[in-house]
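Here the protein sequences come in this chain order: A and V.
1039 is the number that my numbering gives the last residue of the first sequence; the numbers go up by one with no jumps.
1039 is the number that my numbering gives the last residue of the second sequence; the numbers go up by one with no jumps.
For every residue, glycine included, the Cβ atom is placed at its ideal position computed from N, Cα and C.
Treat the numbers as computed from the prediction; the structure is a model and nothing was measured.
Number of protein chains: 2
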Amino acid sequence: MTVPPASNVFPPPERLLLGPGPSEVHPRVLAALATPLVGHLDPAFIALMEETKRMLREVFGTTNELTIPISGTGSAGLEATIVNLVEPGDEVVIGVNGVFGTRLTDVAERAGATVVKAEAPWGQAISNDTIAAALAKTTKPRLVVLVHAETSTGVWQPLEDASRMAHERGALFVVDCVTSLGGCPVEIDRVDIDAAYSGTQKCLSCPPGLSPVTFGPRAVERLRARTRKVQSWYLDLTMLEKYWGEERVYHHTAPISMNYALYEALRVALEEGPEARFARHRLNHEALVAGLEALGLTMAVAVGERLWMLNSVRIPAGVDDAAVRKALLDEDHIEIGGGLGPMKGQTWRIGLMGESSRPANVTRLLAALGRLLPRQGFACDGAAGVTAAEQVYASAARKA
Amino acid sequence: MTVPPASNVFPPPERLLLGPGPSEVHPRVLAALATPLVGHLDPAFIALMEETKRMLREVFGTTNELTIPISGTGSAGLEATIVNLVEPGDEVVIGVNGVFGTRLTDVAERAGATVVKAEAPWGQAISNDTIAAALAKTTKPRLVVLVHAETSTGVWQPLEDASRMAHERGALFVVDCVTSLGGCPVEIDRVDIDAAYSGTQKCLSCPPGLSPVTFGPRAVERLRARTRKVQSWYLDLTMLEKYWGEERVYHHTAPISMNYALYEALRVALEEGPEARFARHRLNHEALVAGLEALGLTMAVAVGERLWMLNSVRIPAGVDDAAVRKALLDEDHIEIGGGLGPMKGQTWRIGLMGESSRPANVTRLLAALGRLLPRQGFACDGAAGVTAAEQVYASAARKA
Chain A
640 MTVPPASNVF PPPERLLLGP GPSEVHPRVL AALATPLVGH LDPAFIALME ETKRMLREVF
700 GTTNELTIPI SGTGSAGLEA TIVNLVEPGD EVVIGVNGVF GTRLTDVAER AGATVVKAEA
760 PWGQAISNDT IAAALAKTTK PRLVVLVHAE TSTGVWQPLE DASRMAHERG ALFVVDCVTS
820 LGGCPVEIDR VDIDAAYSGT QKCLSCPPGL SPVTFGPRAV ERLRARTRKV QSWYLDLTML
880 EKYWGEERVY HHTAPISMNY ALYEALRVAL EEGPEARFAR HRLNHEALVA GLEALGLTMA
940 VAVGERLWML NSVRIPAGVD DAAVRKALLD EDHIEIGGGL GPMKGQTWRI GLMGESSRPA
1000 NVTRLLAALG RLLPRQGFAC DGAAGVTAAE QVYASAARKA
Chain V
640 MTVPPASNVF PPPERLLLGP GPSEVHPRVL AALATPLVGH LDPAFIALME ETKRMLREVF
700 GTTNELTIPI SGTGSAGLEA TIVNLVEPGD EVVIGVNGVF GTRLTDVAER AGATVVKAEA
760 PWGQAISNDT IAAALAKTTK PRLVVLVHAE TSTGVWQPLE DASRMAHERG ALFVVDCVTS
820 LGGCPVEIDR VDIDAAYSGT QKCLSCPPGL SPVTFGPRAV ERLRARTRKV QSWYLDLTML
880 EKYWGEERVY HHTAPISMNY ALYEALRVAL EEGPEARFAR HRLNHEALVA GLEALGLTMA
940 VAVGERLWML NSVRIPAGVD DAAVRKALLD EDHIEIGGGL GPMKGQTWRI GLMGESSRPA
1000 NVTRLLAALG RLLPRQGFAC DGAAGVTAAE QVYASAARKA
């Protein structure tokens, strides 16, 4: 007889999730997760799939028929997008200014692509000139890929000029929307994005486990024109579209409960409405920045290139990165993220994504930092952060 | 303002899941799914990861260190196992007698393998002679892969001789345990299986979304000896083992809620204990078969090759496959599966997996079939199925 494990590892302690994702999950979404299951070919599940596709098109800003959740986390959607569109030998231009551009390079190379990087320092957007220079190195570029919201640095990437430049060279324009979708405008059709992928655990505030992707007409045409099978069976959209489309051909057993959660998370998001949701993300970002600056901290990304949902702030000299994050977790039950790559130990990443983007969370974090930073020898007025944030909220309320 | 979808597609109607998976989920597991999330690098989540690995080793019957859930459904585990162990040009022997052997062939070929099939008719196990003949066609076989429990047909595949034959030729022995794990003995170490993968939504009675895999010393050695990167970044075990191992290097955001569910499902399974759990699956299978035969139906798989958890029964001539399954769903809220491939329209697949394998479910299905079959012009004593099953239970109770 096997002894079951100690019970003290579950349930986990309560946390306020203000890191790079997962974000806080709405109680309605948690309740959806706990709903007893039906089969993956049940008419009731098929009805839910149809509504999910419809809602995903809304949040992506597209009419693309092939708009479905991939059965894996955001990185599975990244890989699905690349391996479906790339064949060995294809030239691919990838914007690299953080972890996710770097990851795209690795995935594309594993698919046999010849990668030309359009690089910018971590913490900065990629300029049109850099993209043009990368394109100039190619003969027949198949894809231009940019990360809309670099979760590793907090940088927002403009897309419109890049879309035009890619199409002028006959390339498909592909965008990583993992962290942007649901928190700031992602306008697939208006910006003429051919393919994009996202994740559920950022501004959609659904647990991690699914990756919505959307493929437009040119991307679908590329899929049809492939000369060899997609290298991944699990991520093969030519097969997945037959399960998510009219045919309902069994491919793999869909993660039923995760699809329940995504369905409910999309309902919550659409009930709020995109404009209100974006405004909320923007306002809480502004309040947080005001508060951090009032504490004497400096943002790591320049004005105009900052994401609303992922805020990189510099760790002051002499302050112990790990000690502050540990104290936040242990004493305040707040998770924030550390920096990655060259920004490791240099920045904190504060996520205000989806349900996490609330005034009470902003002030709770600012209050905690105001208490913890002086303990690290960083001189600041501990109450100044909360005060500054509250002024931003008060000012916004007056304008409204 | 976007209009939210009609609410009548969720929650779905109540179903009794007696198909090929997902199976019924224990209320404790549903409650675990609804637990608020922590981050994927939170010490509390890491503690849960460690307990999950420990429990997975128990159910797999192994001490393999590299025993982790892949962040996708069973087919993701299949693909992970193949693409991590295969390099282009490798010879791979695959047992093919149903959908999943066929799928393995497709996946291995996409990974560049030269596949030699060991084929048997759908509905029959693969003989030692067939495996030996396939091995004889190879020069330096890298893998021998068999499906322990063919979910598409209900066939149980013996493994011990194949393990020996594979190792005599210097090949790794790889097994698909998607449907067997948790419902009948899967003895990775005793049978000397080098790598195996499973799914959560079968006899572990957890929702679909994760795929436990286990890699033994020889498989890990193969992984280390690779000359090129694994073609899938998302499924690359050389990276995943650094997140699930001591280093805790971020790879992808783990599906937190699904891991909560797996943790609790494993606890439920280990509290019952493997022997009791296997005996329960066997007894309910025997009662179901007795009941189906008493109704005049015929099993599609020979005695000795039948799975306990997936029962293929022939559809009598003149009976409308789809009409019966639709009536079961609409009138009785019971899902069973149809046949696949050459068995489409020829068989029903009745799953008695994990929480679905209960006497009350067996008799409920038999009662429903006893009512529906005469409606299709199939002459039978509608009550005979339940009576025969109850005799099996009574007899077992007397022996206990």
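Cβ of residue i within 8 Å of any chain A Cβ
i              : result
M640 (chain V) : Residue confidence for M640 (chain V) is low, a pLDDT of 43 falling below 50, so the modelled location carries little weight; the figure read from the coordinates is stated next. It does: the Cβ of M640 (chain V) has a partner Cβ on chain A nearer than 8 Å.
Q870 (chain V) : yes
M948 (chain V) : no
I895 (chain V) : yes
I673 (chain V) : The amino acid at residue 673 (chain V) is misidentified as Ile; the sequence shows Ala. It does: the Cβ of A673 (chain V) has a partner Cβ on chain A nearer than 8 Å.
D681 (chain V) : yes
Y873 (chain V) : yes
S844 (chain V) : no
Y882 (chain V) : no
P644 (chain V) : yes
G658 (chain V) : yes
V786 (chain V) : no
Y836 (chain V) : no
Minimum Cβ-Cβ distance from residue i to chain B less than 8 Å
i              : result
L669 (chain V) : Within the model displayed, chain B is absent; protein chains A and V are what it includes.
Residue i at chain V interface by Cβ criterion, 8 Å
i              : result
F684 (chain A) : yes
H920 (chain A) : no
F699 (chain A) : no
E807 (chain A) : no
G678 (chain A) : yes
F739 (chain A) : no
R712 (chain A) : Sequence check: residue 712 (chain A) is Thr here, not Arg. Yes, its Cβ sits closer than 8 Å to a Cβ of chain V.
F649 (chain A) : yes
Element boundaries [alpha helix (DSSP H), containing residue i]
i              : result
P913 (chain V) : 913-933
E860 (chain V) : 856-863
V963 (chain V) : 960-971
P998 (chain V) : 998-1014
K692 (chain V) : 682-699
Y882 (chain A) : 876-883
H806 (chain V) : 799-807
G740 (chain A) : 738-749
Residues of its chain near residue i, where Cβ-Cβ distance is below 8 Å and the 5 sequence neighbours each way are ignored
i               : result
M804 (chain V)  : N767, I770, A771, L774, V783
R829 (chain V)  : G700
G980 (chain V)  : G737, V738, T741, W761, S791
V1025 (chain V) : G930, T1002, L1005, A1006, G1009
L687 (chain V)  : N898, Y899, Y902
K692 (chain A)  : T706, I707, W883
Cβ pair residue i, residue j closer than 8 Å
i               : j              : result
A1007 (chain V) : L968 (chain V) : no
L695 (chain V)  : I721 (chain V) : no
L715 (chain V)  : L876 (chain V) : It should be noted that the sequence gives Ala, not Leu, for residue 715 (chain V). Taking 8 Å as the Cβ cut-off, A715 (chain V) and L876 (chain V) do not qualify as a contacting pair.
I581 (chain A)  : P675 (chain V) : No statement about residue 581 (chain A) is possible, as the shown extent of chain A runs from 640 to 1039 and does not include it.
R921 (chain A)  : W947 (chain A) : yes
T892 (chain A)  : G713 (chain V) : yes
L849 (chain A)  : I709 (chain A) : yes
Spatial neighbours of residue i in its chain, beta-carbon cut-off 7 Å, leaving aside the 5 residues before and after
i               : result
K756 (chain A)  : I733, V735, T744, A773
L909 (chain A)  : M694, E697
P1108 (chain V) : Not covered by the structure: residue 1108 (chain V). The range shown for chain V is 640 to 1039.
Y889 (chain V)  : L680, Y882
D833 (chain V)  : L811, F812, V813, G855, R857, A858
Segment limits, beta strand (DSSP E) that includes residue i
i               : result
A1039 (chain V) : That residue, A1039 (chain V), is in no beta strand (DSSP E); it is neither H nor E in DSSP.
Y836 (chain V)  : 834-836
G978 (chain V)  : Per DSSP, G978 (chain V) belongs to no beta strand (DSSP E) and is neither H nor E.
D815 (chain V)  : 811-815
DSSP bridge partner residues for residue i (one or two, in chain order)
i               : result
K756 (chain A)  : A:I733
V852 (chain A)  : A:I707, A:Y836
V990 (chain V)  : Looking at the sequence itself, residue 990 (chain V) is Gly, so the reference to Val does not match. For G990 (chain V), which the question treats as bridged, DSSP gives the partners V:L949.
E789 (chain V)  : V:V794
V1031 (chain V) : The partner list for V1031 (chain V) (beta bridge, DSSP) is empty, contrary to what the question assumes.
V783 (chain V)  : V:V732, V:F812
Same chain, Cβ closer than 6 Å to residue i, five either side skipped, listed in chain order
i              : result
R808 (chain A) : L774, P780
A752 (chain V) : V725, D729, V731
D971 (chain A) : A1007
E690 (chain A) : none
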